[in-house]
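Chemist: Below you'll find the structure I mean.
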Amino acid sequence: MPRYRPHVAARPSWRCRACGAPWPCSPARLALLGEYREDRIALLVHLGTLLCEATADLADAHGRNTPQRLADRFVTWARAR
Numbered sequence: 026m027p028r029y030r031p032h033v034a035a036r037p038s039w040r041c042r043a044c045g046a047p048w049p050c051s052p053a054r055l056a057l058l059g060e061y062r063e064d065r066i067a068l069l070v071h072l073g074t075l076l077c078e079a080t081a082d083l084a085d086a087h088g089r090n091t092p093q094r095l096a097d098r099f100v101t102w103a104r105a106r
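Residues in the sequence shown are numbered from 26 upward in steps of one, following the working numbering.
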């Protein structure tokens, strides 16, 4: 039986250690939503902090990691609907 590997970020690439997708990957998002299900504000604060750290690591001269794209990747998905 395969062992469960948590979907956490590998820094400074910010790719998932388990599946290699840009973090937070879908399984990481589901896990975060479950972990913070009672406190969406705390989730957004946590993700905002990670966004600040990732912005420094992922800044590039080619414009692929614009602030808006990183905000969508790290924070926007977690807003209440």
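Virtual Cβ for every residue (Gly too), placed ideally from N, Cα, C. Predicted model only: the values in this text are computed from it and were never measured.
(1) Can we count V33 as close to the ligand ZN, meaning its CB is less than 7 Å from some heavy atom?
(2) I need the straight-line Cα distance from L95 to L76, nearest angstrom please.
(3) Note down, in chain order, each residue of its chain lying with its Cβ closer than 7 Å to the Cβ of A56, except the 5 sequence neighbours on either side.
(4) With burial defined as no fewer than 16 other Cβ atoms inside 10 Å of the residue's Cβ, what is the status of A79: buried or exposed?
(5) Three-state secondary structure (DSSP) at C77?
(6) Please state whether DSSP places A43 in a helix, a strand or coil.
Modeler: Taking the definition as stated:
(1) The ligand ZN is absent from the structure shown, which contains no ligand whatsoever.
(2) 7 Å
(3) The answer, listed in chain order, is H32.
(4) buried
(5) helix
(6) coil
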